[in-house]
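If you read the sequence shown in the working numbering, its first letter stands for residue 1, the second for the next number, and so on.
Virtual Cβ for every residue (Gly too), placed ideally from N, Cα, C.
Quick caveat: nothing in here was measured; it's all calculated off a predicted structure.
Working notes, structure below.
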Amino acid sequence: MDEAGKGFVEFTAPLYVAWELTHRCNAHCVHCYSNSGPDADLGDQLSLQSGLSLIDQLADAGVLVLAFSGGEPMLHRHWRELVAHAVQRGLSVNIASNGSCITDSNADDLRDLGVKSVTISIDSHLPAIHDEFRQLDGLFEKAVKAIHLLVERGVRVVVGFTPTKLNWHDGRAVIDLAHSLGADAVNLSEYVPAGRGTIDLALAPEDLHATLQEWIQAREDYKGRMQIIWHDCRVALLVSEEDQRKYVGCGAGRLVARILPDGAVTPCVFLPTRIGSLASTPFKEMWAESALLRQFRERAGHVGGNCGACEHLATCGGCRSVAYAYSGGDALAGDPHCWILPAEPHLPAKLLEGEGLPV
């Protein structure tokens, strides 16, 4: 393996797969990367039998974690059957929800089906801001109620937070709220201008830097009481040299993959580039033979811009989804969210006009 990939153990399957069961959703979040909503085009969703077969493929390939997302996955009429089969096949199952569908009965089902964890999104500790983000009045209260119902049943709860220009100052308050509600963990996901998400919501590099530092400190503050986790390839640049060994940087096509409702596969939840479809190609074959995924894994000689010139290419590699979003479709371009080796991206007209790139 080349220097940029030195120390990376290549897996025969992603450790984590996010399957967007449906793009139907009762909310209409301003930052939604999948363009989900009440009026979303449902397209050609996989049949139940195809979904069960998909799960078999993932289990046989060696995938460890399967996250059911959307849209709102619990609006999919077969979510229980699919979850039950995934658990039966030995996959660790996560449900990513806005909380609105988690009633007493559904909370019982999540517990009884053996779901490993449920992620509930909270954009602010202030109900009005959360509901404005989600474009659905009363959703904050439903999210809080959902957390209570799950905690009462012993289901692991993760609160999900995505920092944007509108709410990044609320991050620490969301962490504190999550702890007060009995959540087991809080997860920080980087904002990527995709789907409905527009570039004007993205943090400046220095603000992203400050946010990550705040969350690293929160991990220390809550050590032994609640997990603080994150999905941002640049965190490795802020931790000790010893801790850096735990990171491989951007996980797109290395550790993670996404499946769309119609069975198409992409390297990351934020990256729309399709590497194939389960309707025609087995998952293991796509994962092993995709030329794009090979470039993501090797990095050196493929990744360009500020990332290609950076000494941290192996440790970080830059976010491939951010590169795609700012370059107008080049997932191997530089990462303009970087504060170490900044880049001035060429912004496509559609981004400058306030439109996110489609997913």
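With 16 as the cutoff for other CB atoms within 10 Å, does residue 45 come out buried or exposed? Burial check for residue 45: the Cβ neighbour count within 10 Å reaches 16 or more, so the residue is buried.
Spatially closest choice to residue 120 from 250, 113, 184, 59, by CA coordinates: When each option's Cα is compared against that of residue 120, the closest is 184.
Would you say the region 329-337 touches the region 293-310, given that touching needs at least three Cβ pairs under 8 angstroms? At 8 angstroms Cβ cutoff, the stretches touch.
Could you tell me if residue 240 is buried or exposed, where buried requires 16 or more neighbouring beta carbons within 10 angstroms of its beta carbon? Exposed.
Look at residue 130 and residue 139 and say whether their C-beta atoms are less than 8 angstroms apart. In contact: residue 130 and residue 139 (Cβ atoms closer than 8 angstroms).
Cα-Cα separation between residue 85 and residue 55, rounded to whole angstroms: Looking at the two C-alpha atoms, the distance is approximately 7 angstroms.
Where residue 151 falls: helix, strand or coil (DSSP): Taken through DSSP and simplified to helix, strand or coil, residue 151 comes out as helix.
At least 3 beta-carbon pairs within less than 8 angstroms: the region 23-37 vs the region 58-65: Flag = no, the region 23-37 and the region 58-65 do not touch.
Would you kindly report the start and end of the unbroken alpha helix (DSSP H) that includes residue 219? Its alpha helix (DSSP H) spans residues 205-221.
Within 8 angstroms, strictly: CB atoms of residue 163 and residue 188: With contacts defined by Cβ atoms closer than 8 angstroms, residue 163 and residue 188 form a contacting pair.
Let me check you understand the geometry: is the CB of residue 277 closer than 7 angstroms to at least one non-hydrogen atom of the ligand HEM? Among the components of this structure there are no ligands whatsoever, and the ligand HEM is therefore not found.
For residue 268, write down the residues that DSSP places opposite it in a beta bridge. The beta-bridge partner set that DSSP reports for residue 268 consists of 271.
How do the region 306-322 and the region 232-249 stand: do at least 3 beta-carbon pairs fall below 8 angstroms, yes or no? When Cβ pairs closer than 8 angstroms are counted between the two stretches, the region 306-322 is seen to touch the region 232-249, the count reaching three or more.
What are the partner residues of residue 94, as DSSP defines its beta bridges? Bridge pairing for residue 94: 67, 117 [DSSP].
So which of 244, 245, 278, 196 has the shortest CA-CA distance to residue 260? Nearest to residue 260 by C-alpha distance, out of 244, 245, 278, 196, is 278.
Distance CB(residue 199)-CB(residue 193) smaller than 8 angstroms: A Cβ-Cβ contact shorter than 8 angstroms links residue 199 with residue 193.
When the cut-off is 8 angstroms and only beta carbons count, does residue 183 lie next to chain C? The chain inventory of the structure shown lacks chain C, comprising one protein chain alone.
Endpoints, beta strand (DSSP E) assigned at residue 230: Where residue 230 is concerned, the enclosing beta strand (DSSP E) stretches over 227-231.
DSSP three-state label for residue 16, please. The answer is strand: DSSP assigns residue 16 an E or B state.
With distances taken Cα to Cα, identify the nearest neighbour of residue 89 among 107, 103, 64. Closest option to residue 89, Cα to Cα, is 64.
Classification of residue 232 by the beta-carbon crowding that lies within 10 angstroms, buried from 16 upward: By the neighbour-count rule (16 or more Cβ atoms within 10 Å), residue 232 is buried.
Can residue 157 and residue 93 be called in contact, C-beta distance under 8 angstroms? Contact: no.
Run through DSSP, which three-state label would residue 359 get? For residue 359, the predicted model reports a pLDDT of 42, less than 50, meaning its position is unreliable; a value from the coordinates is still stated below. Here residue 359 sits in coil by DSSP.
Kindly give me the distance between the Cβ atoms of residue 267 and residue 253, rounded to whole angstroms, as I take these residues to be in contact under 8 angstroms. Between residue 267 and residue 253 a beta carbon distance of about 4 angstroms is seen, short of the 8 angstroms cut, so the two are scored as contacting.
Find out if the Cβ-Cβ distance for the pair residue 14, residue 256 is shorter than 8 angstroms. Contact: yes.
As an exercise, report each continuous alpha helix (DSSP H) stretch of at least 4 residues that is fully enclosed by the region 253-333, in chain order. Here the runs fully enclosed are 283-289, 291-298, 305-308, 320-327.
Residue 76 to residue 95 span [Cα, whole Å]: Spanning the two alpha carbons is a distance of roughly 12 angstroms.
Considering only the beta carbon of each residue, do residue 307 and residue 237 sit closer than 8 angstroms? 8 angstroms or more divides the Cβ of residue 307 from the Cβ of residue 237.
By alpha-carbon positions, which one of 137, 78, 262, 191 ends up nearest to residue 109? That would be 78, whose Cα lies nearest to the Cα of residue 109.
Which one of 22, 100, 338 has the shortest CA to CA distance from residue 203? Of the listed residues, the one whose Cα sits closest to residue 203 is 338.
Do residue 68 and residue 113 have their beta-carbon atoms positioned less than 8 angstroms apart in this structure? By the CB criterion at 8 angstroms, residue 113 and residue 68 fall outside the cutoff.
By DSSP, does residue 365 sit in helix, in strand, or in coil? Residue numbering for the chain in the displayed model covers 1 to 359; residue 365 lies beyond these limits and cannot be assessed.
Short of 8 angstroms in beta carbon distance, which residues of its chain neighbour residue 3, apart from the five on each side in sequence? Order them along the chain. Here residue 3 scores only 43 on pLDDT, less than 50, and its place in the model should not be relied on; the value that follows carries that caveat. Excluding sequence positions up to five before and after residue 3, its CB lies within less than 8 angstroms of the CB of 300, 314, all in the same chain and listed in chain order.
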